[in-house]
Structures are given as C-alpha cells and as structure tokens.
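A.B. asks:
2 protein chains.
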Amino acid sequence: MKKLINDPKDVVSQSVEGFVAAHGDIVRAEFDPTFVVRTDAPVSGKVGIISGGGSGHEPLHSGFVGAGMLDAAVPGAVFTSPTPDPILAATKAVDSGAGVLHIVKNYTGDVLNFETAADLAEADGVTVRSVVINDDVAVQDSLYTAGRRGVAGTVLVEKIAGAAADRGDDLDSVAGIAEKVNASVRSMGVALTPCVVPHAGEPSFDLGDDEIEIGIGIHGEPGREKIPMESADAIVDRLLTPILDDLPFSSGDNVLLFVNGMGGTPQIELYIVYRHAAKVLADRGITVARSLVGNYTTSLEMQGASISVLKLDDELTQLWDAPVQTAALRWGR
Amino acid sequence: MKKLINDPKDVVSQSVEGFVAAHGDIVRAEFDPTFVVRTDAPVSGKVGIISGGGSGHEPLHSGFVGAGMLDAAVPGAVFTSPTPDPILAATKAVDSGAGVLHIVKNYTGDVLNFETAADLAEADGVTVRSVVINDDVAVQDSLYTAGRRGVAGTVLVEKIAGAAADRGDDLDSVAGIAEKVNASVRSMGVALTPCVVPHAGEPSFDLGDDEIEIGIGIHGEPGREKIPMESADAIVDRLLTPILDDLPFSSGDNVLLFVNGMGGTPQIELYIVYRHAAKVLADRGITVARSLVGNYTTSLEMQGASISVLKLDDELTQLWDAPVQTAALRWGR
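Chains as they are written, first to last, in UniProt numbering: chain A, 1 to 333; chain B, 1 to 333.
#1: When DSSP labels each residue in this structure, what does residue 230 of chain A get in the three-state scheme?
#2: Evaluate residue 88 of chain A with the Cβ neighbour count: other Cβ atoms within 10 Å of its Cβ, from every protein chain shown; 16 or more gives buried, anything less gives exposed.
#3: Which same chain residues end up closer than 6 Å to residue 301 of chain A when comparing Cβ atoms and leaving out the 5 residues on each side of it in sequence?
#4: Roughly how many whole angstroms lie between the Cα atoms of residue 238 of chain A and residue 214 of chain A?
#5: For residue 308 of chain B, count the other beta carbons within 10 Å of its own beta carbon; 16 or more makes it buried, fewer makes it exposed. Which is it?
#6: For residue 335 of chain B, which of helix, strand or coil comes out of DSSP?
#7: Have a look at residue 67 of chain A and residue 168 of chain A and give me their C-alpha separation to the nearest angstrom.
#8: Leaving out the 5 sequence neighbours to the left and right, which residues in its chain are closer than 8 Å to residue 176 of chain A when beta-carbon positions are compared?
#9: Determine the DSSP secondary structure at residue 121 of chain A, reduced to helix, strand or coil.
#10: Can you find at least 3 beta carbon pairs, one from the region 44 to 59 of chain A and one from the region 95 to 109 of chain A, that sit closer than 8 Å?
#11: What are the residues in the region 271 to 298 of chain A lying within 9 Å of chain B by C-beta distance?
#12: DSSP three-state label for residue 136 of chain B, please.
#13: Tell me the DSSP secondary structure of residue 303 of chain B in three-state form.
#14: Look up residue 275 of chain B in the DSSP assignment and say whether it is helix, strand or coil.
#15: Closest by CA to residue 327 of chain A, which one among A:119, A:190 and A:20?
#16: With 7 Å as the threshold, decide whether the Cβ of residue 331 of chain A is near any Cβ in chain B.
#17: If you draw a straight line from the C-alpha of residue 325 of chain A to the C-alpha of residue 28 of chain A, how long is it?
#18: With a threshold of 8 Å, are at least 3 pairs of Cβ atoms found where one atom belongs to the region 59 to 74 of chain A and the other to the region 155 to 166 of chain A?
#19: Per the contact definition of three or more C-beta pairs closer than 8 Å, is the region 119 to 132 of chain B in contact with the region 280 to 288 of chain B?
#20: Which residues in chain A have a C-beta closer than 8 Å to the C-beta of residue 321 of chain B? List them in chain order.
#21: Just the C-alpha distance for residue 10 of chain B and residue 96 of chain A, rounded to the nearest angstrom, thanks.
#22: At a CB-CB cut-off below 8 Å, which residues of chain A make contact with residue 215 of chain B?
#23: Which one of A:170, A:91, A:202 and A:220 has the shortest CA to CA distance from residue 145 of chain A?
#24: Using the DSSP secondary-structure output, state which residues sit across from residue 266 of chain A in a beta bridge.
#25: Hey, quick one: how far does the alpha helix (DSSP H) through residue 156 of chain B stretch, first residue to last?
#26: If you follow the beta strand (DSSP E) that residue 91 of chain B is in, where does it begin and where does it stop?
#27: Is the CB-CB distance between residue 4 of chain B and residue 278 of chain A below 7 Å?
#28: According to DSSP, simplified to helix, strand and coil, what is residue 287 of chain A?
#29: If distances are taken between C-alpha atoms only, which option among B:137, B:156 and B:157 comes closest to residue 148 of chain B?
#30: Quick one: grab the DSSP three-state call for residue 46 of chain B.
#31: How about residue 232 of chain B: is its C-beta nearer than 7 Å to some C-beta of chain A?
#32: Please tell me whether residue 229 of chain B and residue 206 of chain B are closer than 7 Å, where the distance is taken between their beta carbons.
#33: Indicate whether residue 77 of chain B and residue 41 of chain B have their beta-carbon atoms separated by less than 7 Å.
#34: Which term fits residue 340 of chain A, buried or exposed, when burial requires 16 or more other beta carbons within 10 angstroms of its beta carbon?
#35: Reducing DSSP to helix, strand and coil, say where residue 103 of chain A ends up.
#36: Can the beta-carbon of residue 235 of chain B be found closer than 7 Å to that of residue 186 of chain B?
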C-alpha cells in the first residue's frame, strides 16, 4: 500500500485539519467530537442542513459545506459511519431555531446513528427531519444496506436542498424538496479497479486484469455482475438503461446528467462517458438541461465512474442554478 | 489496460466532444484542426490568451477556458505537443486586434510548435507574445526538456494573466504579469504509481511496490531519485525544501500554496499533504495567504502530488481573487 498518509489512524483527523486550514474562509472544524461546520453557523433564521458518513468519498460531504449547500458535515472513519455523538454536536451547532435536516445515505450504520442523534437532539429541543438517500438502482439489498444504497445522487440532494434552505424555506419544505430530488434521481456505477482502505492495507475486493464490476457500491460492495472489460460506450449503455427504465425517464423530460468519477479515473475518460450518455439521452428524446462532471462522490483511488440522472422541473432547475460557495462546488455570487 | 475509452485513437476527440457538450454555456470546439474556445471569442478589445499541450493533464488546459482565464486551449494527442496548425487557428480565433499571449509549458515540442504558430500568426497580422513556463525545480534538463519543466504552476499563470487581460491590460502588460508569476512560482512533484498512456497500453515507467519517485515529471519523466515509500510529512519535506530554497522564499513572504493531485490520489491524501506543507511554511515565518487544493495538472491516473508555492504581492493577490468562470475553476460573479 502506497498512500500519502502518516498513520492510518490519523488519516481522517489530519485530512480534516488540512481541509479547514486550506478553506478557513468557508469552514472550521471541531475535533472532540469531529465535524466540519460553516464559519458563520448557525445562520440566523435558516434551516440547518447536515450530512455525513464514512470518509473516503471526498469531496462528499465536507467539500459541500458552505453558503447555499450544507451547514455541517460529519466524517466518520474511512468507509465507517460516524457515531451519534458528532452527529448530535453538528446538529446543535447549525440549529438557529429553524430546525435541522439530516441528509443520510442509506447504509444501515448511517441510518441508525443519524436516528439516534436525531432523537437526542429532539430531546434537547432541536427539531430534526431526516431524508434517506437511496438512488442506486444496481441492487435491492447489499452488503451494508437494507434497500437501495445512497450514492452520487446525494450531491444533487445536498445542492438543491441547500438552495431551498438558503432562500428561506421552512424545515418541512426543505425536507420535501430533498425527498423530491431523491425520488427523481437514479444512479449506477462501474469499477475498473478496487481501492485500498488505509487501515486494511489491501484491496477491498478482487477484479481480474480484464474484468470490471457493473453496479459497484461506493465502498466496493458487490454490484450486479463482473464482466470482461468493454468499450466506454458499451459500459455507459449498461449503466444508463437500468437508470432510465427505473424512474422511468421518458421523451420530453428535462434532466441533469451527472457523470461522477470514483476517484482514480482521469477526467479525459469521464468526458468520454459523458459524451455517450448525452447521446443516448438525446436519442430517447430526453433533454440534458444541466450537467455535472467530475470526482464528487469517490471511493478513495478506485478507477470507475457512476452516472446519475435527475428529472428536473422549473423549481429544481432554479434551485440547482442558485449560487453556491463551498470548497468543492462553487458558482455565482 | 482498463480505461473508459472506445479506441485509443479517438480518446482526445471524443473527450473534447463530451467536454463541450457538458459545458456549452462556456466553451465550444473546432475539430479541423482541434481546439477549445470560449463561446464569446474573440472578446472585443481584450488581449486573447491561449495555452495548450499534450492531453492527459486535464483539467489543464481546456478546463481553464472561460471568462477571467484562457480564451482557447489546444489539446494535442496524449502527452504529445499539438502541431502548429491548431495553435495558429486558436490564435486567430481569439484575436480581437489586441494581440494574443501564448502560455507554453517548457517542453521542446511545445516550445517549437508554439513558436512556429506564432510566426505564422504574425505573418497574418496577429501580434503574439509568448511566455514559457518552467516552474519545476526537480531537474535542470529532462527527457523532453532543455532547462526546467513547466508543471502545475502553469495553472496559476493562466489564472492571474487571465485576470490581467480581463481588467483591460494591454498585451505587453499581460505578458509581463505572466512572466512575473512564472518567476515567482516554484513546484516539485512525487509519483507513487506510473500511468498508462492509452495508445501505449502499458505503464510509462516502473516503480517497485514500496518505491516512489521524487521530482517526477508530469509525463512520468525521471525526477531526482527513486526512494522507498515514506510518510506523507517526510515526502512533503523532500518536495518543499528545494522549492523554498530555490526562489528563495523567506520569512515575511505572503504565498499561495497549491497542492496538486496527479489524478489518482484521493482528496483525503491531498489535504494531509496540504496540512504539513502549511505547517512547514508557518514554521519558516511564511504566510499562506491563498490556497488551491485539487487535481488541476494531472498525469492521467498517476497517484502522486505536486506542491507549488507562489510569492504574492498585492497585485497578484488581487488578480488571483478576480472572478473566474471556467469548467474547472470558478468563483465570484
């Protein structure tokens, strides 16, 4: 294992230290327990939004803390849910009295620990609503999940719910928007290589020299099948067909097309994936109205990509276009 | 070789097609010959700025085309200089009569082909100035270079020169600013793994399971030495000491600290690198006034990172902070 780290046990804390040192205009961190929070939290009158989960998916979630998106993020150990303690602390840190939305990817540990933290926060007088993200169409149940997994679609939920909170929506409305995005987005991924969790020191699963895994989870959980390597266009077809058939998406729809890198895939390849995905959508009469391409929900250094398609309406489009100022995603203002 | 591509010979053209499809609000492409250009080029009265070079370093350079940065980018084949033809075409496409600056990384092929294109453009009545970037302190001469190589510091030159052109500076002034940034920035990198050029199909160089290369070039050219794997902090010391000693940087300086990923390194590791680099600078009495962390000058899927330090004054800081709206780097507005 070759990684730019000092000690596997310090990976998350030292990375968070570097992160807030680099982006001190936007975020600060607490370390006992550990979370990342906007420097100006709680924002008076605004619904607070937090997310979190195991580390190793950066920029998800800390990279999305800032104006127009998350108020705080709670990073667990690599690929391990954060405990209720830091989730509770982050919840309290972002509550201005307007309540707090928890955006939770659907993994058993995450769901349980966010629920516990929400109960404790409610007992302390903070109103909490939770939205569980389950956009991955690849498998019904999985290694760490009852039901579908939450993957890259989470980024879109965080951006759009963040914009709703920013324009002054109340907690029920922000939670409703988040639910709507989750209900309107579908995702699926492919792995070309496994990744190495620092404290494990060896690959999280095996893939042959000419083998790929269709429907991979973001922790390397099994997907639908291992198949021999194919062309980018053929792989895109394998990912996109189940996505489009599931909602279903149909002719006349406006969508956001999100091609997400798993961490180790060159950008030049992500745009080759985007190119064919956009063509497939056009062939089906679906209009790509907005796009996002890059490494936003990663699995350490895994090579691979996922595709997410979000059905847009005027409100979601307007919220997507709203200004955002985070370490990883920014425009406007 | 597992890559999300269709055919090695189509990698650049298909990636450019995807890139402009995803970012059609900012850029368009020409394909005969191939270059990427702002949709609103030439911008009336503004000095045009172009850069280019071999593909495989994305988002460099196409990702930096847009308001406040480059007017066009010329991607060659992977790790291969573009020919004079597309450089000439891009030069003409961005000239509004105020002249065009060529930002050229110091590789023999790039320098030669940009020179030829500049001569042809001048013959056609376009005034061209060129600035050659050579920020890499690792080696004096190298596989493809007489003198020092141009690496990640190029991003900083493009951003700051772009802001100077955007505020209305004339060609001599924009070229002068670019020269000043190049004279004030120093960089050095490390590779943990090699990368695979698509048409070659095998790793560009060899590294043992526990070996890294200090001073690596962005095409995998040899650096200073191969050494056994070390801690992130020890590696940062090896990169930063030659950088700081070279300019030299000294106590009281304000700097921009840029930690650049080579493509395949998880973001969590880049921030561990940033953390120690910032500490070393603080210990030397150097103030980190601005930061940039991410994959901006890559070598396909290479694992590794580079550090660049730019000495700032008030003017460079103001130009760095100016709004920018490109696919890969954006803030403000």
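Backbone N, C-alpha and C fix where the C-beta goes; we use that ideal spot for every residue, glycine too.
C.D. replies: Taking the structure as given:
#1: coil
#2: buried
#3: 195, 263 and 264
#4: 8 Å
#5: buried
#6: Because residue 335 of chain B is not part of the residues shown, which for chain B are 1 to 333, the question remains open.
#7: 13 Å
#8: none
#9: helix
#10: yes
#11: 271, 272, 273, 274, 275, 276, 277, 278, 279, 288, 291, 292, 293, 294, 295 and 298
#12: strand
#13: coil
#14: helix
#15: A:20
#16: yes
#17: 15 Å
#18: yes
#19: no
#20: The premise fails here: residue 321 of chain B is roughly 11 Å from chain A at the closest Cβ pair, so nothing lies under 8 Å.
#21: 53 Å
#22: Those do not exist, as residue 215 of chain B stays about 16 Å from chain A at its closest Cβ, beyond 8 Å.
#23: A:220
#24: Paired residues: none, contrary to the question.
#25: 153 to 166
#26: Unbroken run through residue 91 of chain B is the alpha helix (DSSP H), 84 to 94; no beta strand (DSSP E).
#27: no
#28: strand
#29: B:137
#30: coil
#31: yes
#32: no
#33: no
#34: This structure does not reach residue 340 of chain A, given that chain A is present from 1 up to 333, and the question cannot be answered.
#35: strand
#36: no
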